[in-house]
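Asker: Please find one structure pasted underneath; my questions will follow.
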Amino acid sequence: MRAPLALPYLSEPVEIPRVRSSTRGVMGLLLVAAIVYGSFVLAPWRHGDWIPYVALVLAETILLGNAVAMWWTGLSVDTRAHDRPEVHAFRQALLSGVSTPTVDVIITVYGEPLDVITRTVRAARDMRLAHNVYVCDDGRSDAIRDLCTHLGVGYLRRDDRRGVKAGNANRALARTHGDYVAIFDADHAAHPDFLVVALPHLARPEVAFVQCSQAYRTDNGNFIEIAAAQSQQVFYEVICPGKNRFNAAFHVGTNAVFRRTALDDVNGFYEDTHSEDIWTSIRLHQRGWTSVYLPHILARGLSPDTLDSHFRQQFRWASGSFEILLRANPFAAKGLTFDQRVQYLTPPLHFLQGFSNLWFLLLPPLFLLFGITPLETDSATWLTIYLPFWVLTQAVLWMQSGGFRIRPVVLSVASAPVHVAAFFAVLFRRRAVWRSTGAKGSAPTVLEVTLPQVVLLAINLAGIVVGLSTIENVTGTAICVALSIVHVLVLSRVIAQAVADRRRDASPTDHGPDRSPTTTQEGVPT
1 MRAPLALPYL SEPVEIPRVR SSTRGVMGLL LVAAIVYGSF VLAPWRHGDW
51 IPYVALVLAE TILLGNAVAM WWTGLSVDTR AHDRPEVHAF RQALLSGVST
101 PTVDVIITVY GEPLDVITRT VRAARDMRLA HNVYVCDDGR SDAIRDLCTH
151 LGVGYLRRDD RRGVKAGNAN RALARTHGDY VAIFDADHAA HPDFLVVALP
201 HLARPEVAFV QCSQAYRTDN GNFIEIAAAQ SQQVFYEVIC PGKNRFNAAF
251 HVGTNAVFRR TALDDVNGFY EDTHSEDIWT SIRLHQRGWT SVYLPHILAR
301 GLSPDTLDSH FRQQFRWASG SFEILLRANP FAAKGLTFDQ RVQYLTPPLH
351 FLQGFSNLWF LLLPPLFLLF GITPLETDSA TWLTIYLPFW VLTQAVLWMQ
401 SGGFRIRPVV LSVASAPVHV AAFFAVLFRR RAVWRSTGAK GSAPTVLEVT
451 LPQVVLLAIN LAGIVVGLST IENVTGTAIC VALSIVHVLV LSRVIAQAVA
501 DRRRDASPTD HGPDRSPTTT QEGVPT
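In this text, residue positions in the sequence shown follow full-length UniProt numbering: the first is 1, and each later residue adds one.
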């Protein structure tokens, strides 16, 4: 028996924790609580002021829809062993040399720091099983070309950037001929056994690709870095494994192995988008191909480590998801099963929660400032119905993650304006970029990064002051003041992080590689 895998820079097991049976039980209770809460809030006879009520209905519909879709997918996780007999047989054939398929490894780069690329290329080169590595450089860097020569790997560049990352990868496909194609982003360094673990899952001829988990290094240990990494846990530990049940696992831009004939069947990676990963997955599923999500950490990348870089990453990911909703429209796409259509709606539904979070940030101060009440019910009754839903949601996160993670919650709330801006950018077909307005080459100011959060903070502070000075509804005022205080604490923490980032950027100390998402090209994560 082969020894258990262990990444050289990891202490935890490579395999992602399975969804526990106890967690699945709480998920079932959560679905019931979501239905009860939804039936209470969405009952039209409980409406208060009509415009706020309609806004509340939309916000809660998004929130509840996301919760139901997410936890239903989580409940669908197949707890059986992932390795089928044919997978074991193919792996043994690969390791013994009986089977010798050709494998091309593509690393797409565009302006990332040389030390980051060096680490990724070395890791790819040193993977077990025979393969050829190609660095596809859209930045046309002579330094990277020389690096590839030094490390003994292939180097490809092109004269234009048509199709951005997808075009870059497709150009490499046109110039290579391997039976299988592994793809990595420039910052994702693979484990030596990446191919040994992942490639055998392509044993069945109908499997188009195998997608492994995304995970991130947290070397610096700052707030943003840890929060951004933790925020991906539920998606990759609970949601993605559940997608296998519906043949709806989709590519997330890196850490995947494709069958070349499958890519040829859809003319390569889809280029007419910045979300080539999920669009390519849709096209493959439409053509009848299957996919596999493998819950193993077999590569690690760099996480954003500043608030500005995190917001830009979120804007890009949200834009890609909203393209799926507004342009691909899974429910109108031919060739997909009903389950696949629903699963392809989960990414945009997740980012639509930005509207819900924004409304919930505004609702308490609107009551305190203007007496606006979207629901005609007493506050104690609402709290009694809402608390089970909230507590069970946190319980699932606690049980799966091993504790309550406040950092991802803070980042999620703070990112609401970014997600809303991304939606309208896609809706009105504006160029999907999120850039601070600071001078080129300089770090953005605190206000440039956090202006929406500063405004929301001021509104909540005003609500607290006015609410406490003009108390009419004691219970309602107490609840709304408490919620506004929580909002103030969350928003203050985010603004404080922007201040810390600004100070760090102004310091002459070397802070390690630049992790700004403007240097990467991936689309939706996912």
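Every residue gets a Cβ at the ideal spot worked out from N, C-alpha and C, and that includes glycine.
Of the choices A425, E448, Q353 and A172, whose alpha-carbon is the least far from that of L63?
Answerer: Nearest option by C-alpha distance: Q353.
Asker: What's the C-alpha gap between P304 and V36?
Answerer: Those two C-alpha atoms are separated by around 38 Å.
Asker: Out of curiosity, what's the CA-to-CA distance linking D265 and M399?
Answerer: Cα-Cα distance, rounded: 42 Å.
Asker: With contact counted as at least three CB pairs below 8 Å, one residue from each stretch, are the stretch 98–108 and the stretch 409–429 in contact?
Answerer: No, the stretch 98–108 does not touch the stretch 409–429.
Asker: What's the C-alpha gap between F424 and H131?
Answerer: For F424 and H131, the distance between alpha carbons rounds to 43 Å.
Asker: Measure the alpha-carbon distance for residue 559 versus E323 and round it to whole angstroms.
Answerer: Residue 559 lies beyond the residue range present for the chain, which begins at 1 and ends at 526; the question has no answer from this structure.
Asker: Using DSSP with H/G/I as helix, E/B as strand and the rest coil, what is A332?
Answerer: If DSSP states are grouped into helix, strand and coil, A332 belongs with coil.
Asker: Under DSSP, the alpha helix (DSSP H) around D339 begins and ends at which residues?
Answerer: Note, D339: alpha helix (DSSP H), F338 to F370.
Asker: Buried or exposed, going by whether 16 or more other CB atoms sit within 10 Å of the CB of H487?
Answerer: When all chains shown are included, H487 counts as buried.
Asker: Pick helix, strand or coil for A249, following the three-state DSSP scheme.
Answerer: Coil.
Asker: For E86, count neighbouring C-beta atoms within 10 Å of its own C-beta (all shown protein chains included) and say buried if the count is 16 or more, exposed if not.
Answerer: Flag for E86 reads exposed.
Asker: Candidates S39, H251 and T261: which alpha carbon is nearest W279's?
Answerer: The shortest C-alpha separation from W279 is found at H251.
Asker: Near A173, what residues of its chain come up, given a Cβ to Cβ distance below 6 Å and the 5 sequence neighbours on each side ignored?
Answerer: Going by the sequence as given, residue 173 is Leu instead of Ala. Hits under 6 Å: G268.
Asker: Report the residue from Y216, P113, F258 and A496 whose alpha carbon sits nearest the alpha carbon of D308.
Answerer: Per the Cα distances, A496.
Asker: Apart from the five residues just before and just after C240, which ones in its own chain have a Cβ nearer than 8 Å to its Cβ?
Answerer: Excluding residues within five positions, the ones whose Cβ falls inside 8 Å are Q211, S213, A249, Y293 and P295.
Asker: According to the neighbour-count rule (16 or more other Cβ atoms, all chains shown, within 10 Å of its Cβ), is A55 buried or exposed?
Answerer: Buried, because 16 or more other Cβ atoms sit within 10 Å of the Cβ of A55.
Asker: In whole angstroms, what separates the C-alpha of F338 from that of A332?
Answerer: The straight-line gap from Cα to Cα measures roughly 11 Å.
Asker: Taking only three categories from DSSP, how would you classify L106?
Answerer: Checking the sequence shown, residue 106 turns out to be Ile, not Leu. Three-state result, I106: strand.
Asker: With respect to the beta strand (DSSP E) encompassing F194, which residues constitute its N-terminal and C-terminal limits?
Answerer: That residue, F194, is in no beta strand (DSSP E); its alpha helix (DSSP H) goes F194 to A198.
Asker: Just grab the DSSP bridge partners of V257 for me.
Answerer: Per DSSP, A182 and V210.
Asker: Suppose only complete runs of 3+ residues qualify. What are the beta strand (DSSP E) ranges in the stretch 467–494, listed by chain order?
Answerer: Correct list: empty.
Asker: Could you pull the start and end residues of the alpha helix (DSSP H) that L375 belongs to?
Answerer: That residue, L375, is in no alpha helix (DSSP H); it is neither H nor E in DSSP.
Asker: Would you mind giving the Cβ-Cβ distance between L362 and I459, rounded to the nearest angstrom? I have them listed as a contact below 8 Å.
Answerer: Confirmed, Cβ separation roughly 7 Å.
Asker: Do F258 and V181 have their C-beta atoms closer together than 8 Å?
Answerer: In this structure, V181 lies closer than 8 Å to F258 by Cβ.
Asker: Smallest Cα separation from R119: which of S281, H191, W71 and R502?
Answerer: Taking only the C-alpha atoms, the option nearest R119 is H191.
Asker: Should F428 be labelled buried (16 or more other beta-carbon atoms within 10 Å of its own) or exposed?
Answerer: With fewer than 16 Cβ atoms within 10 Å of its Cβ, F428 is classed as exposed.
Asker: Mind checking which residues open and close the beta strand (DSSP E) that includes Y155?
Answerer: From DSSP, the beta strand (DSSP E) with Y155 extends over G154 to R157.
Asker: Excluding the 5 residues flanking G288 on each side, which residues of the same chain have their C-beta closer than 6 Å to its C-beta?
Answerer: Closer than 6 Å at the Cβ level, and outside the excluded window around G288, lies no residue.
Asker: Is DSSP giving L294 helix, strand or coil here?
Answerer: The answer is strand: DSSP assigns L294 an E or B state.
Asker: If you draw a straight line from the C-alpha of D142 to the C-alpha of I282, how long is it?
Answerer: Approximately 36 Å between the Cα atoms of the pair.
Asker: Closer than 8 Å is the cut-off here; do at least three beta carbon pairs connect the stretch 368–388 with the stretch 35–51?
Answerer: Yes, the stretch 368–388 is in contact with the stretch 35–51.
Asker: Pick from A33, T23, A123 and R128: whose alpha carbon is nearest that of R300?
Answerer: For R300, the nearest C-alpha among the options comes from A123.
Asker: Whether or not the stretch 477–494 and the stretch 364–371 are in contact is what I'm after, with contact meaning three or more pairs of Cβ atoms, one per stretch, closer than 8 Å; do they touch?
Answerer: Because the criterion of three Cβ pairs below 8 Å is met, the stretch 364–371 and the stretch 477–494 touch.
Asker: Using beta-carbon positions only, say whether L457 and L491 come within less than 8 Å of one another.
Answerer: Yes, the pair counts as a contact, with Cβ atoms nearer than the cut-off.
Asker: Ignore the nearest five residues each way along the sequence and tell me which others in L202's own chain have a CB closer than 7 Å to its CB.
Answerer: Answer for L202: Y180, V210, V257 and R259, listed in chain order.
Asker: A318 to P348, Cα distance in whole Å?
Answerer: Roughly 7 Å between the two C-alpha positions.
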